[in-house]
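Undergrad: In full-length UniProt numbering, the protein residues as written are 1 to 382.
For every residue, glycine included, the Cβ atom is placed at its ideal position computed from N, Cα and C.
First the structure, then my questions, so here it is.
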Ligand SMILES: [Zn+2]
Ligand SMILES: [Zn+2]
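Structure below.
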């Protein structure tokens with residue numbers, strides 16, 4: 001090879017290197033672009049997943065709402081009562097018997113009840129054809145029992161935190177707080193999260209908290225005037241305990257709970273059930289008390305379901321007690337697991353399999369009530 005040939009091939013090699021460099025640079029640039037695009041796509045996917053999650057939550061909500069509507073439609077005859085019957089019931093409260101001291105804690109009192117040992121009236125409630133309410137409940141005992149056991153296996157909408165949508169753990173008044181501005185039970189996890197975000201006032205509706213009893217009462221009254229069933233129930237407790245500056249007035253409390261129950265408050269049904277069943281503040285009327293629990297239990301009210309279990313146990317109907325406990329245990333009610341244990345393993349009236357089923361159902365329900373936020377609230381002592 002001569003000198004000229006060598007130079008030419010050197011130049012060619014240099015051009016080759018330069019082309020290769022340019023190519024490498026442009027490849028690096030397109031790699032960088034591709035990486036950026038990939039990151040964008042990933043973000044997009046995350047966003048879509050979040051949206052899908054939200055949508056599925058809303059869908060679940062909608063399904064639950066629909067189910068609730070269907071259920072309400074199905075049991076509409078339960079709530080219908082003639083004006084005369086209502087009047088009769090109101091009158092019976094006016095001549096109230098001497099009042100015993102309150103045993104039920106204020107606000108969400110769903111845990112307060114301890115049934116006094118006495119003869120239960122479950123069978124009587126089922127048999128009492130003459131009673132106006134048992135007619136409402138569907139008359140014949142067998143049919144009623146069947147409806148009782150097939151309805152109310154899901155907790156009512158009001159048992160869910162309106163912010164995170166998870167059902168609230170029992171006892172609900174320890175794991176959530178009700179605010180009188182909107183009457184929503186907000187779970188401790190969401191309360192802690194709101195506090196950390198620096199939010200003052202109600203975590204759900206953002207209304208500032210009332211500064212004193214008078215303004216709190218005024219807030220409750222405003223909702224009562226609009227016939228909010230939960231507010232009427234709460235006002236009933238305030239009269240029952242004589243709090244928020246009100247004079248204690250149990251007949252008034254019963255009147256309010258009766259109105260709230262007619263408007264669909266399950267808590268009011270539970271409370272009336274406890275009053276009539278135990279004769280606390282009213283003339284004892286076990287069948288009537290049981291009917292209140294039955295109405296609430298068929299709409300998913302858990303402690304009313306549990307109370308039906310106790311009543312059946314006391315009445316010697318252990319198989320029915322087991323069936324009630326099974327339902328409420330599976331909805332996450334710890335006392336029903338205990339009830340099942342007593343019926344079953346100690347007294348031999350429920351099988352090991354039934355107890356295992358109740359326990360597993362209870363654990364599954366507990367799992368659905370857990371969240372990192374709620375665990376943190378527990379650790380923080382909220
Ligand atoms: Zn929550
Ligand atoms: Zn609020």
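1) Determine which residues share a DSSP beta bridge with residue 178 and list them.
2) How many Å lie between residue 359 and residue 325 at the Cα?
3) Distance, Cα to Cα, residue 333 vs residue 302?
4) Please report the distance separating the alpha-carbon of residue 298 from that of residue 152.
5) Is the distance from the Cβ of residue 177 to the Cβ of residue 162 below 7 Å?
6) Going by the C-beta, is residue 188 closer than 6 Å to any heavy atom of ligand 2?
7) Would you kindly work out how many angstroms separate the C-alpha atoms of residue 368 and residue 190, rounded to a whole number?
8) In the DSSP output, which residue or residues are listed as bridge partners for residue 167?
9) Assign residue 322 to buried or exposed, taking buried as 16 or more other Cβ atoms, counted over all protein chains shown, within 10 Å of its Cβ.
10) Any chance the CB of residue 205 is under 6 Å from a heavy atom of ligand 1?
11) Which value, in whole angstroms, describes the spacing of the CA atoms of residue 354 and residue 290?
12) Within the present structure, is the beta-carbon of residue 179 separated from the nearest heavy atom of ligand 3 by less than 6 Å?
13) Applying the criterion that 16 or more other CB atoms from any shown protein chain within 10 Å of the CB defines a buried residue, is residue 374 buried or exposed?
14) From residue 386 to residue 284, what distance separates their C-alpha atoms?
15) Does at least one heavy atom of ligand 2 sit under 6 Å from the Cβ of residue 161?
16) Could you tell me if the beta carbon of residue 202 falls within a distance shorter than 6 Å of some heavy atom in ligand 2?
17) So that I know if they touch, is there some Cβ in chain B lying closer than 7 Å to that of residue 229?
18) Under a Cβ-count criterion, where at least 16 other Cβ atoms within 10 Å of its own Cβ denotes burial, should residue 294 be classed as buried or exposed?
19) With distances taken Cα to Cα, identify the nearest neighbour of residue 146 among 372, 320, 328, 346.
TA: From the atom records:
1) DSSP lists 185 as partners of residue 178.
2) Rounded to whole angstroms, residue 359 to residue 325 spans 11 Å at the Cα level.
3) Between residue 333 and residue 302, the alpha-carbon positions lie close to 7 Å from each other.
4) Taking the straight line joining both Cα atoms gives about 4 Å.
5) No, Cβ-Cβ distance for residue 177 and residue 162 is not below 7 Å.
6) The answer is no for residue 188.
7) Annotation: residue 368 to residue 190 spans about 16 Å, alpha carbon to alpha carbon.
8) In DSSP, residue 167 forms a bridge with 160.
9) So residue 322 ends up on the buried side.
10) Residue 205: no, Cβ never under 6 Å from ligand 1.
11) Going from the Cα of residue 354 to the Cα of residue 290 covers about 25 Å.
12) This structure simply doesn't include ligand 3; it includes ligand 1 and ligand 2 instead.
13) Buried: at least 16 other Cβ atoms inside 10 Å.
14) Because the chain in this structure spans residues 1 to 382, residue 386 falls outside the shown range and cannot be described.
15) No, the Cβ of residue 161 stays beyond 6 Å of every heavy atom of ligand 2.
16) Yes.
17) The structure shown contains no chain B, having only a single protein chain.
18) Residue 294 comes out buried.
19) Of 372, 320, 328, 346, the residue nearest in Cα terms is 320.
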